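Here the protein sequences come in this chain order: A and B. Here numbering that gives the first Met the number 0 is used: the first residue of the first sequence is 0, the next is one more, and so on. Here numbering that gives the first Met the number 0 is used: the first residue of the second sequence is 0, the next is one more, and so on.
Number of protein chains: 2
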Amino acid sequence: MSNLEPKVLDQDEAAVACCSPMVREPLGEAAAVDLAKMFKALSDPVRLRLLSLIASHEGGEACVCDLTGPFDVSQPTISHHLKVLREAGLVGSERRGTWVYYWVLPAALAKLSALLQAPTGESG
Amino acid sequence: MSNLEPKVLDQDEAAVACCSPMVREPLGEAAAVDLAKMFKALSDPVRLRLLSLIASHEGGEACVCDLTGPFDVSQPTISHHLKVLREAGLVGSERRGTWVYYWVLPAALAKLSALLQAPTGESG
DNA sequence: TACTTGTTTCGACGACTGTCGATACAGGTG
DNA sequence: CACCTGTATCGACAGTCGTCGAAACAAGTA
């Protein structure tokens, strides 16, 4: 098909897609609510470090016992932050015997990354 | 100088660079604090829509008068959110006569986008 | 069973956030 | 000057968030 006529994207379509750069088309209200939850999960320094600690850990996953050491906050607080990351869909978790392991869900990060992609070469 | 010897990245350097994917190396505490502020600015649906509305607006910039219409919140609230975006370094603004114009700072978005880039092909 | 270790949940507290109406400020017009 | 429009700031309020200690739950060991 030709693209002679300009494509018209309505808000709903942007909301469903929700993965294309936000600089190209306005975000729908529903998509914004959904994405805001993910960004909120990233809006705390401890959670940001937790995420990168998990992602960069050997094997791509880390036990909670690996994650409590590097922080000044209590272990229940770490557990709380991990729960926030999990409920935001940014990490997965599984119990194996005594320990609970967490890993990053790459698709979620990629989704946010794509959304923020800006045309730096053109307008910057 | 040659770069024959392998480069060693310590935490401090990661904190300064703060633009490489967080999945490769743990984020430093200072970098995490800095980045969390930006993500916090993105953690509200109204601000997310404001940002995409500004970015996708004709000419890459939008007057505040273009931004108050699409929302159910009051004008002072929009002004507040724009201030948050500006103080987070995500948008720039300038007064021209009666109107105030806002535009997206692409480098900031690119910085966050790069940080979130995940190796989807390898581990996902 | 009792005990130990790893992890989550609970309840509480202070701090921060999003929202509003009222008000102040900036700039154009008559 | 007075007046109007566009935008930002102020002060207040309800709701949310990050944190803690205490307690509960999960799983292994003796």
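Just so you know, even glycine gets a beta-carbon here, dropped at the ideal spot from N, CA and C. Since this is a predicted model, take the numbers as computed values, not measurements.
Shown in chain order are the members of the segment 34-56 of chain B whose Cβ falls below 7 Å from a Cβ of chain A: LEU34, ALA35, PHE38, LYS39, LEU41, SER42, ASP43, PRO44, LEU47, ARG48, LEU50, SER51, LEU52, ALA54, SER55.
Taken in chain order, the whole alpha helix (DSSP H) runs of length 4 or more contained in the segment 40-118 of chain A are 44-54, 63-66, 74-86, 105-115.
Distances from the CA of ARG46 (chain B) to each of B:ARG23, B:GLY58, B:ALA29, B:HIS79 were compared; the closest alpha carbon is that of B:HIS79. Using a CB distance below 7 Å, the part of the segment 101-113 of chain A facing chain B consists of VAL103, PRO105, ALA106, LEU108, ALA109, LEU111, SER112, ordered along the chain.
Contact between ILE53 (chain A) and TRP102 (chain A) is confirmed by a C-beta separation of about 6 Å, below the 8 Å threshold. When 7 Å is used as the limit between beta carbons, ALA31 (chain B) is near these residues of chain A: PRO44, LEU47, ARG48, in chain order. Chain order gives no chain A residues near LEU81 (chain B), where near means a beta carbon separation below 9 Å; the closest approach is about 16 Å. Within chain B, the residues placing a beta-carbon under 7 Å from that of GLN116 (chain A) are SER112, ordered along the chain. By a beta-carbon distance limit of 8 Å, ARG85 (chain B) does not contact LEU26 (chain A). Their separation comes to about 19 Å.
DSSP places GLU24 (chain A) outside both helix and strand once states are collapsed to three, so it counts as coil. A contact between stretches requires three or more CB pairs, one per stretch, nearer than 8 Å, and the segment 60-74 of chain B fails this requirement with the segment 64-72 of chain A.
Identification of chain B residues near GLU24 (chain A) by a Cβ-Cβ cut-off of 8 Å yields SER51, SER55, ordered along the chain. Close to chain B, meaning a Cβ-Cβ distance shorter than 7 Å, is no residue of the segment 66-92 of chain A at all.
One alpha carbon belongs to ASP43 (chain B), the other to VAL63 (chain A), and they sit about 29 Å apart. Of the residues assessed, GLU93 (chain B) falls on the exposed side of the cut-off, its CB having fewer than 16 other CB atoms within 10 angstroms.
Between GLY58 (chain B) and ASP65 (chain B), the alpha-carbon positions lie close to 13 Å from each other. If you draw a straight line from the Cα of ALA29 (chain B) to the Cα of ALA35 (chain B), it is about 10 Å long.
Residue burial annotation: ALA107 (chain A) is buried, with at least 16 other C-beta atoms found within 10 angstroms of its C-beta. Note that the C-beta distance between ALA40 (chain A) and ALA87 (chain A) is below 8 Å.
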